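Below: one structure, written as structure tokens.
Residue numbers (the working numbering), protein chains in the order written: chain A, 2 to 576; chain B, 8 to 712.
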């Protein structure tokens, strides 16, 4: 909670607004479309400043309210140990003004510019900082112009307009010191220059500046005067949210990874590369882990007393749980569930309990029956005990309502001890009161900062070339087992698909056309044989059929083009 | 994804391990065994007590429910002979049980409901939950399974030759249910010996009770079908429904169309409010000298706040209480003395030297030592035996203190709870918190409540005094004989005053009669005069007496309601670490994540990471940097830009020469690190891949820096 000291004084700030200003506001609102007018531009900028003040005021208000609530919750109890978690909700959840794409680069260079020194990118900084940052970001600005000139070429104007905006944002902090005041005026005049520059560029390109569009479309701040009611704050938040989400236009650069001349890494090389990179702060991480490990016996005690344990916090908790398992659970029956595994289901968890723990042979009609069976067995036999460790209880596959219900019921059994980890920021939303009471959680914060190696290895990241090699080898394997004719049929389809690869709305090859082509190539003699062949393909997931709008069946190979090209080349070699 | 690990059977531990866990960490201090046993026995006592409370509180509700069931049932009984012609209505008797929003508590209520019904009305009870009944078929299956199971259970106790019906083979329909019911009731009719035993509890043809635990979450179609079908057969099967309702009884009508709800004959039952339940629990668990374990002010506040702000669940409150007990006994080695006074005294004698040192280290004990004479100080700090004697004495003091505390607190509550605006709180728990926190007589609220108490009228005052007398008489404290006497004396004085007042009353009323119609000016004048006279007027006898009473109460409060942390050795009995409780019960995972990402120094104590004012150093772990960069973006994030920004930061940290190499040649390792960080953010739910634009990811959070 670094903010309140700074902002607290600002909460009561009353700003005098002359009538002209108000009139301008109104005029400005009407004249949004005529944005070429210079005075109006400056007005918008001014309005921006004011709006920001407004926001910070509101924030102060919000923080006060937050404090009340926090006090009411008894969280205000001064625990020096807990300074970490005393972040108020407003900091975590608050909406904020929209940001421009170039800001990331800006922040990056800012961070890069001041090695070893901390940089405060947000407006919640100390006043001393306020006094000196403008200079540094002016440097930053120049640097960015230099380094990222390529990147920014299309975005220059925007960037020009955002830098002062950020400055103002800082300076708008309520307790401006004298120096910062002078800085303020200085930057203000510079701002004018930049506005001129902007004018020129706008004139030159005749292009719309999205940043300005946004600025202009922001509704004027409701009341700059004293009373800032909560509804006002709320409406502001709502407006900001919709402002950011309304325009379908996305203000990001159009660069793609392909243009980067960068080969996509596959999972293996990625893994190797990361092996080479040293883990930062290994000593500190180790210390953190040792802290957590000292809790093992306490966990055991609490598990036995009927609680279940859930671990949260940044960093992979897999190793920690593994260690827990290795050190404490060696002599008891336990079940480890890798929730992050993409094909895990509740059924498989239940199956492993019934089949391996209870040694039951036989199947169940539904998971509910199975659950009932397990509950019955555990209730009958009080000597049965089972520890269940679930890595990532909040994974894609397990987060469903029904899965959670079943797991909750399992965990509520007195002789099943559950210890689980969650990572997703919204994971606690999975549980309603009924499930929470079944789970009977005790929460433990175990921030480990260890990389999520296993957990992310199944993720389908954009940056990692996934499954390409896998698909190719499976393609060749499957096709090798087929007859010559069948291979020919598949080749036809693949070639046709590659011919159409530039057509983004390519629906696939229609069955009739395909049949025609196959006949012409003497590959099939009736559409029945073709259908039989296609069924085989479909069973191996080599093709997909889709019914078009006209009811015609279209055939597609669900493999990306490059793999398909590779495949055809390979086939050619073979033949 | 699932792996089962089974140890070899000989290695398997027997279940005596719970005690061991207690021991493992605390190998440095002794008495762990004893502590664990004490903890368990105390907890079991508390648990029994809470169950008892629940039972008592629900008694009224259950009685009503039982009489309702009997009634609905008796109608059926009477009509059994001629029901075919007489029973035209097809209404199913239904009890709507409004239970309140505290869903976690419902389970326990239903369990006791079914138990009570089983004992009093009928063996045929089925408990249905929405999650088990996605369709009418499942519902019937579940219903018949439960009904026939309980029937078999009943029978297998009495006669073995009963044919075990495999429930699965019976087709689940209403007809088979009716057949089953007929066969069951007929059998009881035929065997008179059994009838006698069973009719002592149940009637001849007991009703079939179907309980819908969570009526709101049932699929309406299923519910409607079931009601319609069973209403067709109500003649043959005396069915009674019980709906568990968490919201309001209106829900029945919004869930069921009129045509269906008209088939029900609904009677409403209201369970006790959870707040009442909580205050009873607090009353019985905390405001009693029965249990030595006490909650500190902060802890109690946290528990109450979780209750009031989050769930209204008494079960969760008790769970929190359990956690407190466990934590206390686990973390405080001296908690071995936290037991009944007699045991505690014995245990003091067998304290080891280490434990004595532990006692000496207690802050409250140190304060005590400092207040003693110097030679006694030396003795306390060096001689274990002397120390033990003193401890025994102090424990006794504390015990007496607790006994008195409760009575005086209740007495004070009698006064404060009827004051306008309740400056010290309406509930006794608020008053208790205030008294635990600090010296209550120094607070403004106390001041103002005394002021208000001085303005109470006589009849209120008298009833309050009477209540206080009752409290003190029934209390276990021994010192209150005098107090009771004193209060009784006040009462008699009031009595005497009454007679004296009656005469005065006459004169006052006559004076009032003299006041005639008058204009504003005169009214003002007379009022002023009256005011003058009142100010100058001496206090009446009554007023004097009232002052005395209030002052007396005040003196009682000052004497007995000293906050616990002023008492020596309070650490043994009071659990005070609210932070632990909040961490484990009311955790904030998102805030922890936020702190770790924004300010890694909180966790990784490395000077390089130290930064001021919530900002972040550029040497932070990769994920923090990537996170920070992504905060600067809008809805969509261009991966290339992101990667470049990331590599700018990272290369700048690693060496200045990297700057010249520029952004085009991004090192493979940096690339890989970036990929890892991004996929970690994806796992954490901050971003997701987006198809809106090539090589873009969508941000899932809004704001957050």
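C-beta atoms are modelled at their ideal positions from N, C-alpha and C, and glycine is treated no differently.
Since this is a predicted model, take the numbers as computed values, not measurements.
C-beta contact flag for residue i and residue j at 7 Å
{"i": "residue 247/B", "j": "residue 121/B", "result": "no"}
{"i": "residue 403/B", "j": "residue 587/B", "result": "no"}
{"i": "residue 508/A", "j": "residue 453/A", "result": "no"}
{"i": "residue 388/A", "j": "residue 330/A", "result": "yes"}
{"i": "residue 570/B", "j": "residue 445/B", "result": "yes"}
{"i": "residue 457/A", "j": "residue 686/B", "result": "yes"}
{"i": "residue 414/B", "j": "residue 478/B", "result": "yes"}
{"i": "residue 580/B", "j": "residue 301/B", "result": "yes"}
{"i": "residue 626/B", "j": "residue 660/B", "result": "yes"}
{"i": "residue 106/A", "j": "residue 652/B", "result": "yes"}
{"i": "residue 511/A", "j": "residue 553/A", "result": "yes"}
{"i": "residue 111/B", "j": "residue 320/B", "result": "yes"}
C-alpha gap between residue i and residue j, whole angstroms
{"i": "residue 73/A", "j": "residue 318/B", "result": "Confidence at residue 73/A is low in this model, with a pLDDT of 43, below 50, so the placement of that residue is unreliable and no value is reported for it."}
{"i": "residue 360/A", "j": "residue 538/A", "result": "39 Å"}
{"i": "residue 487/A", "j": "residue 568/A", "result": "15 Å"}
{"i": "residue 270/A", "j": "residue 309/A", "result": "39 Å"}
{"i": "residue 201/B", "j": "residue 214/B", "result": "Interpretation of residue 201/B is limited by its pLDDT of 38, a score under 50 that renders its predicted location unreliable; the figure taken from the coordinates is listed afterwards. Taking the straight line joining both Cα atoms gives about 18 Å."}
{"i": "residue 141/B", "j": "residue 75/B", "result": "30 Å"}
{"i": "residue 155/A", "j": "residue 291/A", "result": "Reliability of the predicted coordinates at residue 155/A is poor, the pLDDT of 38 falling under 50, and the value obtained from them is presented with this limitation in mind. Residue 155/A and residue 291/A: Cα-Cα distance of roughly 51 Å."}
{"i": "residue 563/B", "j": "residue 429/B", "result": "20 Å"}
{"i": "residue 327/B", "j": "residue 607/B", "result": "31 Å"}
{"i": "residue 8/B", "j": "residue 350/A", "result": "8 Å"}
{"i": "residue 376/A", "j": "residue 133/B", "result": "18 Å"}
{"i": "residue 503/B", "j": "residue 364/B", "result": "60 Å"}
{"i": "residue 180/A", "j": "residue 616/B", "result": "Confidence is the limiting factor: at residue 180/A the pLDDT is only 37, short of 50, which leaves the residue's position unreliable and the question unanswerable from this model."}
{"i": "residue 325/B", "j": "residue 336/B", "result": "17 Å"}
{"i": "residue 654/B", "j": "residue 255/A", "result": "19 Å"}
{"i": "residue 7/B", "j": "residue 190/B", "result": "What the structure shows of chain B is the stretch from 8 to 712, and residue 7/B is not part of that stretch, so it cannot be assessed."}
Chain-ordered neighbours of residue i on chain E, where CB pairs are closer than 9 Å
{"i": "residue 432/A", "result": "The structure shown contains no chain E; the protein chains it does contain are A and B."}
Any non-hydrogen atom of the ligand ZN closer than 6 Å to residue i Cβ
{"i": "residue 379/A", "result": "Absent from the structure shown: the ligand ZN. Ligands present: none."}
Residue i - partner residues in DSSP beta bridges
{"i": "residue 547/B", "result": "Per DSSP, none; premise fails for residue 547/B."}
{"i": "residue 703/B", "result": "645/B, 697/B"}
{"i": "residue 217/B", "result": "133/B, 248/B"}
{"i": "residue 339/A", "result": "392/A"}
{"i": "residue 11/B", "result": "336/A"}
Run of the beta strand (DSSP E) containing residue i, from where it starts to where it stops
{"i": "residue 548/A", "result": "545 to 548"}
{"i": "residue 283/A", "result": "It is not in any beta strand (DSSP E) - residue 283/A instead sits in the alpha helix (DSSP H) that spans 283 to 294."}
{"i": "residue 277/B", "result": "271 to 277"}
{"i": "residue 585/B", "result": "Not the beta strand (DSSP E): residue 585/B falls in the alpha helix (DSSP H), residues 585 to 592."}
{"i": "residue 402/A", "result": "Unbroken run through residue 402/A is the alpha helix (DSSP H), 402 to 412; no beta strand (DSSP E)."}
{"i": "residue 311/A", "result": "309 to 313"}
{"i": "residue 634/B", "result": "From DSSP, residue 634/B is part of no beta strand (DSSP E) but of the alpha helix (DSSP H) over 629 to 638."}
Range of the contiguous alpha helix (DSSP H) that encloses residue i
{"i": "residue 596/B", "result": "596 to 605"}
{"i": "residue 105/B", "result": "Premise fails: residue 105/B lies in the beta strand (DSSP E), 99 to 105, not in any alpha helix (DSSP H)."}
{"i": "residue 474/B", "result": "465 to 481"}
{"i": "residue 327/B", "result": "321 to 338"}
{"i": "residue 489/A", "result": "485 to 500"}
{"i": "residue 523/A", "result": "Counting along the chain, residue 523/A falls outside any alpha helix (DSSP H), and DSSP gives it neither H nor E."}
{"i": "residue 241/B", "result": "Per DSSP, residue 241/B belongs to no alpha helix (DSSP H) and is neither H nor E."}
Meets three-Cβ-pair contact criterion under 8 Å: the segment 273 to 284 of chain B and the segment 390 to 400 of chain B: No, the segment 273 to 284 of chain B does not touch the segment 390 to 400 of chain B.
The segment 420 to 431 of chain A touching the segment 358 to 377 of chain A, judged by at least three CB pairs closer than 8 Å: At 8 Å Cβ cutoff, the stretches do not touch.
Stretch pair the segment 558 to 573 of chain A + the segment 489 to 504 of chain A: three plus CB contacts closer than 8 Å: The segment 558 to 573 of chain A makes contact with the segment 489 to 504 of chain A; the number of CB pairs closer than 8 Å reaches 3 or more.
Given 8 Å, three or more beta-carbon pairs between the segment 420 to 434 of chain B and the segment 385 to 394 of chain B: Between the segment 420 to 434 of chain B and the segment 385 to 394 of chain B, the count of Cβ pairs shorter than 8 Å is below three; the stretches do not touch.
Contact the segment 600 to 614 of chain B vs the segment 365 to 382 of chain B: 3+ CB pairs below 8 Å: Verdict: no, contact absent.
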